[in-house]
Structures are given as structure tokens and as C-alpha cells.
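Protein chains: 2
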Amino acid sequence: MQPSGEQRNRPARPAPERAALARELARRVGEDSILWTDDTLLPYDVDGFTLAKFPPDLVVLPTTTAQVTDVLVFARAHGLPVTARGAGTGLAGGALAEEGGILLVTARMDRVLEVDVSNRFAVVQPGVVNAHLSERVAPHGLHYAPDPSSQMASTLGGNAATNAGGPHCLKYGQTHQHMRALTLVLADGSVVEAGSRALDPPGLNLVGVTVGSEGTFGVVTELVVGLVPRPEAVRTFLAVFDDVTSAGAAVTAIVGRGIVPAALEMLDHLTIVAVEPYVHLGLPLDAGAVLLVELDGPAAGMDRRAGEVHALCREAGARSIREAKDEAERLLLWKARKGAFGAMGRLASGFYVMDGVVPRTRLPEVLARIEQISAEQDLRIANVFHAGDGNLHPNVLYDVDDPDSVARAWRASERILEACVELGGSLSGEHGIGNEKRDLMGLAFAEDDLAAMAALRRAFDPEGRLNPRKMLPLRPGCGEGLPRPGLAAVAAGLSPDGEGPWI
Amino acid sequence: MQPSGEQRNRPARPAPERAALARELARRVGEDSILWTDDTLLPYDVDGFTLAKFPPDLVVLPTTTAQVTDVLVFARAHGLPVTARGAGTGLAGGALAEEGGILLVTARMDRVLEVDVSNRFAVVQPGVVNAHLSERVAPHGLHYAPDPSSQMASTLGGNAATNAGGPHCLKYGQTHQHMRALTLVLADGSVVEAGSRALDPPGLNLVGVTVGSEGTFGVVTELVVGLVPRPEAVRTFLAVFDDVTSAGAAVTAIVGRGIVPAALEMLDHLTIVAVEPYVHLGLPLDAGAVLLVELDGPAAGMDRRAGEVHALCREAGARSIREAKDEAERLLLWKARKGAFGAMGRLASGFYVMDGVVPRTRLPEVLARIEQISAEQDLRIANVFHAGDGNLHPNVLYDVDDPDSVARAWRASERILEACVELGGSLSGEHGIGNEKRDLMGLAFAEDDLAAMAALRRAFDPEGRLNPRKMLPLRPGCGEGLPRPGLAAVAAGLSPDGEGPWI
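Order-wise, the sequence lines are chains A and B. Counting in the numbering used here, the first sequence runs from 1 upward without gaps. Counting in the numbering used here, the second sequence runs from 504 upward without gaps.
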């Protein structure tokens, strides 16, 4: 999982070289848009995946599509890689400038350009913060549905890059289901308008394949995102169980009844121990699991559906069920979930937030495996789940000052992802692949599958200069070759020396 | 790629040549799987887009992924194009063997391989008929949600190729939202497994971009499709209005109230005149529009939601509202909608089912434009809508024996699609591009957008041998922009000589 040795922590180009590049680029985009000195670059060598650091040579903060084109044309002329970055909250290292070059930060592209209330979409720049869009359209009774836990900081451009999920994606779908159109600047500076403001556009699904491509296809400079009416009624419950098995039984019962909750989240014992001192909800510290269930929809019939959820939780063995009386209490219950990752800091000096998926019915099995891995590696692992769709977030707790503990955390993470794949699941539900899981892609995909992805990527970025070394595993060494001549040749054309990344 | 002119409506290869190819291919896939004589090829030179005919040289009916690989390797060795075909119900000519070669028919790949009730998916071969899958899983309380009007005949492979829609896609989403994984055989015979049985797989979204690619990326030989619980309660209403404006107002009111109906379909006056003698519902023949509204979901609260829909239709001016008392009556009400296209045969010897999209709020404008076009071209046009998502199906009625009437039908169709694009919409909601709209793509997409699609397609099929001449416009000649010869020219085989297709 660790990136190959020689490229890790490579220093940036010498300052005079960076200064010269900055001067030249300043003529196109203005001096105020460029950072190049050591001190100003410092915050940009790391993102939410804190285990790897790569300094960029230049940081550019454009404000318009035309400026992004300028930056890409400049980068091409100088053979510089370009990595786009939103808020830098990504947990998979997708915004690391692994080969240096230009880090294109979208923070200043933060304008909501248009809101069409009747047709329920907004046109935004990529640097708009997820939660800000929902705040902006709230007076119209609308909101933007995907709600990653990072939503107070993460941007819509970054959300699109990773196809971000969130608790409410169980009912409303992930980011790709809410993206209608994208403006994409390719590596050669050309501008592609993908999709349409109307629903169901024809032609190849450029939007669907660009969402989740982690900045390897182009730089998204404008997004048309769908907006969803705020539900008439919302009911939120927190049910406490003795163990995850009985909480899991409640999940199965709720889903089996044909109820589609707005969210269905689970925290395990260790997570409860972490969050209770932070939220003061009075959660019993000996509880084995907590289930957060939210129902939304028309007010009509809500009482009956809420009663059903209550009954199903009781039947599954819930110790107690607390329902939010008002919006303030609802936000408090949610704080237990959305603040869970932050609260891990109370338990250990380092925690590694993982992201795996299994078919929903195999959650108990994967939990048993995680318990076993926890014992083997002698590390505590706290689990948070989007239980409704089988997406789990194990938090591997380790000691940042103990290299052996760090190494065991890596091993634990790898074992957990292997278990997910073995149980019919996959490597990532919503955080992306980035740097973190690039070399694990072979666990989930065969060579032909990866070759198809590489060919797709090359279709957009033939020189492989956009966010290099992300998503796809490093190319096999010389002589190993690739099994299939067609796509293999395509992929090989990108890294003729056999030492570069797959693409 | 061959130049176009001489190949259009060209006859199949001479029989002895076909016989020789058939003999050789028979050694790989068996004699019983191959058709090559004139009489047996006859049914395969046309699909649901009856305005164009192209005979294949061979028809092959494989039963396994391995046989599909055999066919593609054979085709590659002989430089033959390959076009995949499901049931041949497509309305855009996507299954026409435009350059002859092999028509790969999936009709015998009709097995449901696995049904996972707990995790709600089925693994099927591409030749499984849409409705058959829902019948098969009905005992488990599940169904496959996308329901094109062709669902009694059309196959899941064809549905995936066109990203098929259907009335219930308003609530449940189009085909691409229900495809979890695909097995795709590429032009070189290699096999790509895209997606995962678990939700939200990582990596580039190969499934999302393959769905809707109309067989230009590869041949899908296995699909993992999501299944949806059958709703606890269903209520179906047919409301009669004096005109489409008031029916449209009801649509706006229902959607504006935050109600998400399972379906929201509209028929205009001329459609009512066509369907009433067929369904005997007692629809008043002077009615201006009929709205079919279906609600589904939990039984709790359904009465109140049904009451709201009633009241909103009344407020918008409904003359009468009929609610289905039981499943038999519900199916009868649906017959008015799903049988609408077939009923057009009562009004004219020829009818051209079109497919356009506009933002929902612009339906009244596009209807006014269609009325104007109808007058200009002196042709009756009957309209059926998925009103909830702005997808319209104008049926242009013409006289098949009058060449002038046929030409006016072409012109009308082109004007209608231009109007859709002008109003912020697009060329197709759910039928695909195929042969029919290939040369209109320039209306909706700029050159850079089309170039991105072409690059994507080349990534999968570098030689352009899979379903050639589909979806993307013909390549511009030297010094010209994107030519748009118009539908009439396309149908008449008038593409400029010497110009190959875009890819």
C-alpha cells in the first residue's frame, strides 16, 4: 500500500527554478494566484490522508475556466504534472502532488453561478463548499442531497472527483446521481461540456465516468448539480444495542420490511466510547452498538412508519430508543455520527479512517474478521458503518510515535480490505482510491479490467499528466508485460520506460 | 473504416462468400448458431427504427461468453464489423448492421443465472426479456424497476445498450442506476469485468459509461442488475383535462408539493383519440389531455397522499378523475399509456415515435412549438410524455405511400428536436442515438464534446469495428465543420461520398 520508496517525500524543485516558473505563469494568471515559496507551499504537501507527503512545485489558485485552461496549456508546454485539489479533506491521498508540478487549488472558484428552483438545479464552481450550497438554496425548500461527513469543509469539485457518499446517500444516491453536467478542461486546455441541464442527456455518459475519476480526466471548472426538496417530515432515532449482531438484525428487519430510511448508520462499542465524552448523549459506555435511523418524506403516514421502526428495533433487542424531539436534538444525535471520526483522537494519537464495502448481509462476517485482525495486529479498531448499503469505516487506532504500531496499522488496513473483497465486496465505498489504495486495485480487478480503465484514462489524458500515480496500480516491471496486446499497448505507450505508473 | 457512400443499403456479401465465412465460424461456435442464407437473414436487416434497412452478412446466436469471444476473435481476423442485437425493438436504429458483417444476436443468452434475494440483485444473460426477470423474482416480493413500454419483448442487454427509461424511471431512475456489474467482451476478445455485486464499487465507472454506449464498447454477456422491493401499496389515477396546459399545471403542482409519484404520464388529445377505441376506457374524445398518476410506497399515509393528488388535479381543472379499484383496472389504465404507440396505427399508415427532452417547466413551450411544426408540415402529431421528467414522445403521423409525406415527417422530426435543444433540452431521453440521430449530435454537443466521446470509444474499440456508424456524427470533410446532412439525407443514404464516420 505504501507508495514506492524513491518517490516518497521527494523535495520540490529548487527555489530559483520554481521562481522562474512562477514568473512565467504569473503573466497568464496574475501574481496573486501563485504560491511558490517554501513557507507558502507547506500546507499543500498533504491532504486528509496524513500518512503521505508530497510537496508541489507551484500552487495556483485560478478563478475562471479560462485561467484553468491557461494553467493547463502552460503545464503542457513545460511538461509539468497537474493535480487538482479542492479542500484537501480527501482520505485517500487523491490530492497529493505525487510528482510535484502544479497543484491547482479550486478554493477561489467558490461562486454559486445560478439556482434554477423550478427545474431544481444549481450551477456552481468547483470550490463551493458542500454545506454552503444547501444553506444557499434552503430558502427555496431545496438542498443538495449527498452529505459526506466532511461537508462543512469539502467542496463540490472534490466530491465529484471522489464520487463522495454520505449517510443520506442510502436513500438519495451518491454524488454521481446528482451531477447533471460538468465543464471539464482537458490536459491540452480544450473544454468539454459534458451532460445537460435537462435530465437524461443522450450520447456517451461523460458525466458518469468523469465523476469518481479523481482528477485524472481533466479539471472540472463548473458543475450543474441537482437539488432535492427538503422532506416535509423527518424523524430521527438512536437505538442502543448490546452487540453489533442485534443492531445488524434491526438493519435487516427494517430493510426487509421495504422501508427505505433516509439514513441507517451504526457505531460500534469502541466508537461509542470515543464519542460519548464528546457529545454527552448519555450513551451507556458498555453498549455494543448504536443504530441511528432517520426517516424522511411526506408527513402523511410518518407516525406509522416511525412506529414500525421502533417495533423492529425492539424486536431485534434494542435496550433503549431515543427519538429526537426537535431539530436541535436531531443535530445532537447526528453529532454522534458525524463527529465520530474526530472523536477518535481521544482514543489514540493516530487513527486511520478506512473505507470498505461488503454486500449488506455480510456485515456480521466482516466484523468478525475485523475483530480477528484487531487481535492479530494488537491494535484497537473502532467501526462506523453506513449499515444500509454495506459500507464500513473501520478506524484503526495506532501510536504515531511508534513505527511498529504504524506498520501494524498498515497491515491491518490491508487485511481488512482483503476481507472485504473476499466477502464479495470492494476496496472503497466513497473515499476513492487515490494514493492510498492504488496498489491494492489488483485485489478487486483483473488485469483486463485495469487495462480498460487505463485506456479510458488515456482517452482523456494521453500524456498521463493529470494527477499522475493515482487510482491505477503501478505498471508491472519490464518483462512481466500485460496479458492483452490491444489495451496493454495503449497503456504501455504512456510509460515507455517501464518505471512510471500504469498511466 | 470504409468510406460510406457505396456501402449504404448495399446488399450483403455474395452468398458463396457468406457460406465460406459461416463454415469457418461454425467450427468455433457450431453450425446451429449461424444464419447466412438470404431467407434466414431477412428478419435481421431492420429493427424498431423501420425507416432504414441494412442486411448483415452473418447472424450468430451465441449462448456463452466464451462463444462471444470466439465470434469477436473471428471477426477481428477477417476484419468484419460486429453489431450486437437484443430483441431488435430499439427505435433509433441502434441494432442495424450498417456495414454488414456479423450481427451478434443475444436471443439465446436468455438465462437468469442467479437471484440473490437478500442483497437484491440478479445475475442475468443479456437476452433475458425485461418483463421476464420481474416475473421471475416476483415470488420474492422484488422486481426490476426500469419498465420501457417494450418490456414484454425488449431484453436487458438492449436496455443496457440504450440506457432505457420507462414510466417508473421518474421515481426509480433509468437503467444505468440499476446496473451493478457487467461482463464486457471487447473487440479483441478480451473480457472485462466492470463493477461489483456490492454497491458503490471503486475505480473508474466502467459500468456507468458502458450503459448507453449502444454496443460500441463491447458485447455485454452478463449483467448484475439491482432488484427493488415491490411497494406495499399502489394507487393509480387517470385524470381528464380540457387541455395540456391545465394537465401541465397539475404536474407542476404535484411535483411542487414534493410528491414523487411512481409515474406521471401525459397523453394529448390526438393520442386519446387513438387509444380510446383500443382500450374502451370511456375517455371523452374531446378531452385535451389525460394524466396518469401512480403513487407507490408504504401503505401508511397513502390515503392522504392520494387525496392530495386528487385535490391538486381538481384545482388544476381536471374534468374527471378515475382511480383504479383493483389491479385489473390498474392494468387497464396503464394499457392506455403503454399501448399508445401501437394504437397510432389506427390513425395513419406510418408513425414515427420520437424521443426528446426539455426541462420539465418548458413542456408547454415545446408543445406550442410542436403544434406550429405540425401545421407547417401539414402532419398530425400525437404526443405522449413522461411529464415528470420532461421527456416527450411526439408521434409524427404520415402516409407511408406518399414520399412527400415521408419527407415532411423527417423535417418535422428534425424541427422538433431542434426545438428541444433550443429550450435547454436534448436529443433523446431514453431511446438512444443509433443511426437515427447520429448526424444531429452536433445540435447538442460541440466538437470538443464529440471528440471526447470519440476518444472514449476508441479506448474500448480502437479499430471502430463494434456497431460502426452509430451514435457519433460522420467525420467532417476537409475544411468543413461538422456536417449535418439531416435525417432525410441519412435515411436516403446521402452521406457525402468519401467521408468515413467519426470513428
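The C-beta atom is built at its ideal place from N, Cα and C for all residues, glycine as well. All values derive from a computational prediction rather than experimental measurement.
Query, Result
"At a CB distance below 8 Å, what residues from the stretch 630-650 of chain B approach chain A? Give them in sequence order.", "G644"
"Is there a Cβ of chain B sitting closer than 8 Å to that of A:R235, yes or no?", "no"
"Taking the alpha-carbon positions, what's the B:S916 to B:V899 distance?", "7 Å"
"Mind checking the stretch 662-683 of chain B against chain A and listing, in chain order, the residues whose C-beta falls within less than 9 Å of any C-beta there?", "N666, G668, C672, G676, Q677, H679, Q680"
"Count the other C-beta atoms from every protein chain shown that fall within 10 angstroms of the C-beta of A:K470, then say buried if there are 16 or more, exposed otherwise.", "buried"
"So which residues of chain A does B:G820 contact, with C-beta pairs closer than 7 Å?", "Near B:G820 there are no residues of chain A at all, since even the closest Cβ is about 20 Å away, more than 7 Å."
"Please decide whether A:T69 counts as near chain B, where near means a Cβ-Cβ distance under 8 Å.", "no"
"Among A:A12, A:F49, A:A84, A:G215, which has the Cα closest to the Cα of A:F351?", "A:F49"
"With H, G and I counted as helix, E and B as strand and the rest as coil, what does DSSP make of B:D745?", "coil"
"Let me make sure I understand the geometry here. Which of B:G593, B:P517, B:G589 has the alpha-carbon closest to that of B:K940?", "B:G593"
"Could you check whether B:V694 and B:T572 sit closer than 8 Å to each other, using their CB atoms as the reference points?", "yes"
"Leaving out five residues before and five after A:V421 in sequence, what residues of the same chain have Cβ atoms less than 8 Å from its Cβ?", "L427, L443, A444"
"Please check if any C-beta of chain B sits within less than 8 Å of the C-beta of A:I416.", "no"
"At which residues does the beta strand (DSSP E) containing A:L184 begin and terminate?", "179-185"
"Spatial neighbours of A:A343 within its chain, please: CB distance less than 6 Å, with the 5 preceding and 5 following residues excluded, ordered by chain position.", "A274, V275, Y278"
"Give a yes or no on whether the minimum CB-CB distance between B:D799 and chain A is below 8 Å.", "no"
"Could you tell me the alpha carbon to alpha carbon distance between A:V115 and B:T748, rounded to whole angstroms?", "25 Å"
"Taking only the alpha-carbon atoms, compute the straight-line gap between B:A610 and B:T658 and give it to the nearest angstrom.", "8 Å"
"Given that B:N886 touches chain A, what residues does it touch there, using C-beta distances under 8 Å?", "Per Cβ cutoff of 8 Å: no residues; B:N886 is ~17 Å from chain A at best."
"Starting from B:H1007, follow the beta strand (DSSP E) in both directions and report where the run begins and ends.", "It is not possible to answer for residue 1007 of chain B, since the shown part of chain B is limited to 504 through 1006."
"Per DSSP, which one or two residues make a beta bridge with A:V225?", "A:A122, A:M179"
"I'd like to check one pair, A:G434 with A:A92: are the Cβ atoms closer than 8 Å?", "yes"
"Please go through the same chain and pick out, in chain order, the residues whose beta-carbon is closer than 7 Å to the beta-carbon of B:R918, but skip the five residues on each side of it.", "I876"
"Is A:I370 close to chain B, meaning its C-beta is less than 8 Å from at least one C-beta of that chain?", "no"
"With H, G and I counted as helix, E and B as strand and the rest as coil, what does DSSP make of B:S929?", "strand"
"With H, G and I counted as helix, E and B as strand and the rest as coil, what does DSSP make of B:L985?", "Note on B:L985: pLDDT 33, under 50, position unreliable in the model; the coordinate value appears next. Coil at B:L985, not helix or strand."
"Using 8 Å as the threshold, is the stretch 795-807 of chain B in touch with the stretch 290-310 of chain A, meaning 3 or more CB pairs across them?", "yes"
"For the stretch 926-937 of chain B, which residues have a beta carbon sitting closer than 9 Å to at least one beta carbon of chain A?", "L926, G927, G928, S929, L930, S931, G932, E933, H934, G935, I936"
"Answer with buried or exposed for B:H934, where buried requires no fewer than 16 other C-beta atoms within 10 angstroms of its C-beta.", "buried"
"Where do the N-terminal and C-terminal ends of the beta strand (DSSP E) with A:N130 fall, by residue?", "Here A:N130 belongs to no beta strand (DSSP E); instead the alpha helix (DSSP H) covers 130-137."
"For a test of the three-state rule: what should DSSP assign to B:A700, helix, strand or coil?", "Strictly speaking, residue 700 of chain B in this sequence is Arg, with Ala absent from that position. It is coil, neither helix nor strand."
"Please state if the CB of A:V357 and the CB of B:L1016 are separated by a distance shorter than 8 Å.", "Here chain B has residues from 504 to 1006 only, and residue 1016 of chain B is not among them."
"Please classify A:A375 as buried or exposed, where buried requires at least 16 other C-beta atoms within 10 Å of its C-beta.", "exposed"
"Are the CB atoms of A:E222 and B:A949 nearer to each other than 8 Å?", "no"
"What is the DSSP secondary structure of A:F385, counted as helix, strand or coil?", "strand"
"Label B:M956 either buried or exposed according to how many other C-beta atoms from any shown protein chain fall within 10 Å of its C-beta, with 16 as the threshold for buried.", "buried"
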